[in-house]
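Colleague:
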Amino acid sequence: MNEIVPVVEMTDIAIGFPGVKALDGVDFRLFQGEVHALMGENGAGKSTLIKALTGVYTIDSGTITVLGETKRFTAPAESQAAGISTVYQEVNLCPNLTVEENVLLGREPRRRGAIDWKGVRSRTREVLAELQLEHVDPGSLLSSHSIAVQQLIAIARSVEVNAKVLILDEPTSSLDAGEVAQLFGVIRQLRDRGVAILFVSHFLEQVYEISDRMTVLRNGRLVGEYLTRDLSRMSLISKMIGKELQALAELDEAPARTRNRSADGTPFLETEGLGRKGSVANVDVSIHPGEVLGMAGLLGAGRTEIARLLFGADKADEGLIRIKGSEHRIRSPRAAIDQRIAFCSEDRKKEGLIGDLSVRDNLVLAMQASKGWARRIPRRTQDELVAEYIEALDIRPANPEAIIRNLSGGNQQKVLLARWLVTHPELLILDEPTRGIDIGAKTQIQKLVSRLAAEGMSVLFISSELEEVLRVSDRIAVIKDRAKVAEINNDGVSVEDVMAVIAGGTQ
Amino acid sequence: MTSHQPAKPGNPLKAIFAHRLAWPVIALAALLLLNQLFRPDFLALRMQDGHLYGSLIDIMRNGAPTILIALGMTLVIATRGIDLSVGAVVAIAGAASCAYIAASPEPGSPATALTAVLIAVVAGLAVGAWNGFLVATIGVQPIIATLVLMTAGRGIAQLITGGQIISVSNDNYKAIGAGYLFTLPVSILVTAAIFVLAAVLTRRTALGTLIEAVGINPVASRLAGLRSRNIVWIVYVFSAVCAAFAGLMISSNVTAADANNAGLYIEMDAILAVVIGGTSLAGGRYTLTGTVVGAFIIQTLTTTVYTLGIPPEVTLVFKALVVITVCLLQAPKARKVFARLKATARPAAMEPAKEKVAL
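Same order as they appear, the protein sequences are chains A and B. Residue 97 is where the first sequence starts when you use this note's numbering, and the numbers rise one by one after that. Residue 682 is where the second sequence starts when you use this note's numbering, and the numbers rise one by one after that.
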């Protein structure tokens, strides 16, 4: 588009892990002043390619050229020194340091050997101002800011080093619409300054909004490089999942389910005035058997906090929970599990995975935990369960002994889902089950939710994507400002209606 | 016990080197061979009066207390913990049992010896329960929680012995540390039995996996419904009981309880054995077999120092060098460096590297 020589050129890259071939003969080019989207399903190799470029992984074969120079990165510092900056999905700054300390960490201006704090402050102010972040106090703790602002501060850090290449890995997955707009403003500004930007996102609309060019990967192989304006959404998707358009249409309509459940009879779970100091207050919800209760609301509105109270991950200090009509105190996850409640956390890595253990060990963990350590699930039963769920949820690679850390996000999520499904819960709480997951896996999970509900399971479905909530839920509880503000029956409601409720606050 | 590395066809040598126990075992074998070179009868075993004798037996017997304590330490470390109190438990166990024997009306009878053993084990249980209580229930950091008894424990032992070294004469008691059974020293048999017990207890049940889960990700384990508190209790109690047995061995071997010096700094050797054996101090995946190999390496080192006639002032430095080498060989970073050196040494190595990932 602009220059003829790409800023970054990766040729014939291959990387493998035990039992998994992550990348195989992939080529990739990134030009100055463009936003380049890297597209593909989970497990397609996007994260691996990025990690190869950032020096987290050392490539097994192939060449990486940055600004015409061949590089062999063996550590992130080498990649950074070459002018490549990365902002990850989970912001990797130091939350316990201040904004200015983070922006200039390791590069503080000095005066006679000591850090020149005045210089630090003024330099940080300059950089923040460039990104229209004047309202951020450089002396405030990083952790006092929202994820969105933290992400922008991470970008500020890369601006400060004058990065030639900026990699944004799922930067928008925890941002609301306004924050996304702000981020895109910053991205465009940087692009116009000539920074080459590599953008990874599962949100198709965002990719079309921001990117100039895209590279599509599938199963660790290159599908092709396209100009965004030349590639329709449908053909992009078919390239990503390698299926024909007709199969896609099928995927699209499949999750729509018949909603015939009425909210009568004893609910499986009911709360009255449930709350926890400093967290959420006065929550009344009820979920009936076979019902999907959607939970909508902005990030930070209190959805996760409510889920954690129901599961006993945090202790409620007011109100009560009734299960099948009788009152129960749920003081720990264990107590919730004993009441047949299961909870898939939104934070896979921190709250879900046992990274160094195998798919098998992870999959049977909850079941084993409830049986106690003395009664080990017999190997054969484990094999059967694991094989069953690997097939049912299409977990790839289909290898029970693969270390779960090496799986892609979507497949990790499926293993965690399976961990709970094998315990046959009566209430399944899913907190952002499809975040950071590709369309194929997303549809699979949505379908699964509908099927589970049809079989009589109660599901609490929490998601930031209103379309998704509307598609799977029977009723929708709207959470705002740490309380439930409305409940909507999902019959012919549109996304706009729900947004109006969130915006208006009351029904 | 299960192999997590898929077999790599065509290159068995590589598979052996990739095994997590490879370097500890190689180091141990190298040390033993080194000794054999300097003393041709080093590896020889001979039978005398129905007892086996030889340097190997000596290494195993002298290493028994360290192995025992290191086994307990392995499980504690796997849960992200550490147990510094084991040396003090050695002293307490020895003090309690010897004090009991010395004060009993029949200081020579088998029943007295048995009761003394029980007292030591109960003392271990109590200490372990206390450590577990501090770590699991109160949530004190393991290093602080066990530091309490590391220092206070020796005080307790001194109180029990009244500040004296208590000597006892009871043949049954003496057998624990110095006796023979089926041609082998009793201490070796006891250690082997506890090793087998620990292996069966953790790998035939789900305990081992759950210990690893707690060690790798405590938050996720709790959310999966794991009662990590119980798991943590179990490992501290097991560690203290192992230390109590070690205390029995040590005091029985010299038929005396020395509250000041019994098991002094043994926690360091035990932690070292765990690390050399390949279990990370960060918690998670552990290997009991590796720990035993690690403890053997430490003990063999001591023997080697004598065999080679290394001057005493160089001894500790020599030990340190060997330990550092073994630890370095196992570090992922060092392995990466080796791989890179190999790759740069012969660029053609790219092709086999590619094959490796094709699995």
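Ideal Cβ placement from N, Cα and C applies to all residues, glycine included.
Since A403 of chain A meets chain B, which of its residues come closer than 8 Å, beta carbon to beta carbon?
Modeller: In the first sequence, residue 403 of chain A corresponds to position 307, counting from 1. Chain B residues near A403 of chain A: none, gap ~11 Å exceeds 8 Å.
Colleague: By the DSSP assignment, the alpha helix (DSSP H) with N378 of chain A in it spans what residues?
Modeller: Translated into positions along the first sequence, residue 378 of chain A becomes position 282. Taken as a continuous stretch (DSSP letters only), N378 of chain A belongs to no alpha helix (DSSP H), being part of the beta strand (DSSP E) at V376 to V379.
Colleague: Show which residues of chain B have a CB atom less than 7 Å away from the CB atom of E447 of chain A.
Modeller: Position 351 of the first sequence, counted from the first residue, corresponds to residue 447 of chain A. Neighbours of E447 of chain A on chain B, chain order: V900, A901 and L904.
Colleague: What three-state label does DSSP hand Y153 of chain A in the structure shown?
Modeller: The residue labelled residue 153 of chain A in the question sits at position 57 within the first sequence. Coil, per DSSP.
Colleague: Output the distance between the C-alpha atoms of V1018 of chain B and C1008 of chain B, rounded to the nearest integer angstrom.
Modeller: Translated into positions along the second sequence, residue 1018 of chain B becomes position 337. Translated into positions along the second sequence, residue 1008 of chain B becomes position 327. So the two alpha carbons sit approximately 14 Å from each other.
Colleague: For R353 of chain A, decide whether its Cβ has a neighbour in chain B, counting only Cβ atoms nearer than 8 Å.
Modeller: Looking up residue 353 of chain A in the first sequence gives position 257. With a pLDDT of only 49 at R353 of chain A, under the threshold of 50, the placement of this residue in the model should not be trusted; the figure read from the coordinates follows. So no, R353 of chain A is outside the interface.
Colleague: Select from B:G860, B:V922 and B:F876 the residue whose C-alpha is nearest the C-alpha of G813 of chain B.
Modeller: Taking the first residue of the second sequence as position 1, residue 813 of chain B is located at position 132. It is B:V922.
Colleague: Chain A partners of R908 of chain B, CB-CB under 7 Å?
Modeller: Your numbering for residue 908 of chain B matches position 227 in the second sequence. The answer, in chain order, is R430.
Colleague: Under a Cβ-count criterion, where at least 16 other Cβ atoms within 10 Å of its own Cβ denotes burial, should I155 of chain A be classed as buried or exposed?
Modeller: By one-based count along the first sequence, residue 155 of chain A stands at place 59. Label assigned to I155 of chain A: buried.
Colleague: Please list, in chain order, the residues of the stretch 156-176 of chain A that have any C-beta partner in chain B closer than 8 Å.
Modeller: Residues D156, S157 and T170.
Colleague: Comparing alpha-carbon positions, which option in A:R476, A:T477 and A:L513 lies nearest I491 of chain A?
Modeller: The count along the first sequence starts at 1 and reaches residue 491 of chain A at position 395. Of A:R476, A:T477 and A:L513, the residue nearest in Cα terms is A:L513.
Colleague: Are the C-beta of F439 of chain A and some C-beta of chain B separated by less than 8 Å?
Modeller: As a first step, residue 439 of chain A must be located in the first sequence, where it is residue number 343. At least one chain B Cβ lies under 8 Å of F439 of chain A.
Colleague: Just to make sure I have the definition right: I need the residues of chain B whose C-beta is within less than 7 Å of the C-beta of L461 of chain A. Which are they?
Modeller: For this step, residue 461 of chain A is matched to residue 365 along the first sequence. Those are A894 and A905, listed as they occur along chain B.
Colleague: Going by DSSP in three states, K411 of chain A sits in which element: helix, strand or coil?
Modeller: For this step, residue 411 of chain A is matched to residue 315 along the first sequence. Here K411 of chain A sits in coil by DSSP.
Colleague: Leaving out the 5 sequence neighbours to the left and right, which residues in its chain are closer than 6 Å to G896 of chain B when beta-carbon positions are compared?
Modeller: As a first step, residue 896 of chain B must be located in the second sequence, where it is residue number 215. Once the five neighbours on either side are set aside, the close Cβ partners of G896 of chain B are A759, T760, R761, G964 and G965.
Colleague: Buried or exposed for R1021 of chain B, going by 16 or more other Cβ atoms inside 10 Å?
Modeller: Translated into the one-based positions of the second sequence, residue 1021 of chain B becomes position 340. Exposed, by the Cβ-count rule.
Colleague: Evaluate A225 of chain A with the Cβ neighbour count: other Cβ atoms within 10 Å of its Cβ, from every protein chain shown; 16 or more gives buried, anything less gives exposed.
Modeller: Here residue 225 of chain A refers to the residue found at position 129 of the first sequence. Its Cβ having fewer than 16 others within 10 Å, A225 of chain A is exposed.
Colleague: Which runs of the beta strand (DSSP E), 3 residues or longer, sit entirely within the stretch 506-583 of chain A?
Modeller: Here the runs fully enclosed are 523-527, 554-558 and 571-576.
Colleague: Kindly indicate if chain B contains any beta-carbon less than 8 Å away from that of Q278 of chain A.
Modeller: Taking the first sequence and counting its residues from 1, one reaches residue 278 of chain A at position 182. No, Q278 of chain A does not count as interfacial toward chain B.
Colleague: Could you check whether the Cβ of R701 of chain B sits closer than 8 Å to any Cβ belonging to chain A?
Modeller: Against the second sequence, residue 701 of chain B aligns to sequence position 20. Judged by the 8 Å Cβ criterion, R701 of chain B is not in contact with chain A.
Colleague: Look at L929 of chain B and G775 of chain B and say whether their C-beta atoms are less than 8 Å apart.
Modeller: The residue labelled residue 929 of chain B in the question sits at position 248 within the second sequence. The residue labelled residue 775 of chain B in the question sits at position 94 within the second sequence. Yes. Within cutoff.
Colleague: Less than 8 Å between C-beta atoms, sequence neighbours within five positions excluded: which residues of the same chain meet that for T324 of chain A?
Modeller: Sequence index remark: in the first sequence, residue 324 of chain A carries index 228 (1-based). Once the five neighbours on either side are set aside, the close Cβ partners of T324 of chain A are A133, V303, Y304, S307, D308, R309 and M310.
Colleague: How many angstroms separate the CA atom of S143 of chain A from the CA atom of D265 of chain A?
Modeller: Indexing the first sequence from 1 puts residue 143 of chain A at position 47. Indexing the first sequence from 1 puts residue 265 of chain A at position 169. Their Cα atoms are separated by approximately 8 Å.
Colleague: Between D452 of chain A and chain B, is the shortest Cβ-Cβ distance under 8 Å, so that the two count as touching?
Modeller: As a position in the first sequence, residue 452 of chain A is number 356, starting the count at 1. For D452 of chain A, the answer is yes, since a Cβ of chain B falls inside 8 Å of its Cβ.
Colleague: Can you have a look at Q508 of chain A and say buried or exposed, based on whether 16 or more other CB atoms are within 10 angstroms of its CB?
Modeller: Walking along the first sequence from the start, residue 508 of chain A turns up at place 412. Answer is buried; the Cβ neighbour count reaches 16.
Colleague: Grab me the residues of A171 of chain A's own chain with a C-beta within less than 6 Å of its C-beta, minus the 5 sequence neighbours each way, in chain order.
Modeller: Counting from 1 along the first sequence, the entry for residue 171 of chain A is found at position 75. For A171 of chain A, where only same-chain residues beyond five positions count, the Cβ hits under 6 Å are G151.
Colleague: To test your reading of the DSSP string, which unbroken alpha helix (DSSP H) runs of 4 or more residues are found completely within the stretch 748-809 of chain B?
Modeller: Complete alpha helix (DSSP H) runs here, min 4: 767-784.
Colleague: Which of helix, strand or coil does DSSP assign to K260 of chain A?
Modeller: For the purposes of this step, residue 260 of chain A is taken as residue 164 along the first sequence, with counting starting at 1. The answer is coil: DSSP assigns K260 of chain A none of H, G, I, E or B.
Colleague: Among the residues of its own chain, which have a CB less than 7 Å from the CB of G141 of chain A, if the five just before and after it don't count?
Modeller: Position 45 of the first sequence, counting from 1, holds the residue named residue 141 of chain A. Excluding residues within five positions, the ones whose Cβ falls inside 7 Å are A118, L119, V122, L313 and G316.
Colleague: In whole angstroms, give me the CA-to-CA distance for L237 of chain A and A780 of chain B.
Modeller: For the purposes of this step, residue 237 of chain A is taken as residue 141 along the first sequence, with counting starting at 1. For the purposes of this step, residue 780 of chain B is taken as residue 99 along the second sequence, with counting starting at 1. When rounded, the distance between both Cα atoms is 59 Å.
Colleague: How far does the alpha helix (DSSP H) with G281 of chain A in it extend, from its first residue to its last?
Modeller: On the first sequence, residue 281 of chain A is found 185 positions in, with the first residue counted as 1. Residues A273 to D288.
Colleague: Which chain A residues sit within Cβ distance under 9 Å of I912 of chain B?
Modeller: Here residue 912 of chain B refers to the residue found at position 231 of the second sequence. Per Cβ cutoff of 9 Å: W469.
Colleague: Run down chain B in chain order and give the residues with a C-beta less than 9 Å from the C-beta of S504 of chain A.
Modeller: By one-based count along the first sequence, residue 504 of chain A stands at place 408. Near S504 of chain A there are no residues of chain B at all, since even the closest Cβ is about 16 Å away, more than 9 Å.
Colleague: Verify whether the separation of the beta carbon atoms of L523 of chain A and R436 of chain A is less than 8 Å.
Modeller: What you label residue 523 of chain A is simply residue 427 of the first sequence in a count that begins at 1. What you label residue 436 of chain A is simply residue 340 of the first sequence in a count that begins at 1. Yes; because the gap between Cβ atoms is below 8 Å, this pair is in contact.
Colleague: Starting from F876 of chain B, follow the alpha helix (DSSP H) in both directions and report where the run begins and ends.
Modeller: Start at 1 with the first residue of the second sequence, and residue 876 of chain B comes out as number 195. From DSSP, the alpha helix (DSSP H) with F876 of chain B extends over V867 to R884.
Colleague: Looking at C-alpha atoms only, which residue of B:L715, B:H732 and B:M754 is the closest neighbour of E948 of chain B?
Modeller: Mapped onto the second sequence, residue 948 of chain B falls at position 267. The residue with the shortest Cα to Cα distance from E948 of chain B is B:M754.
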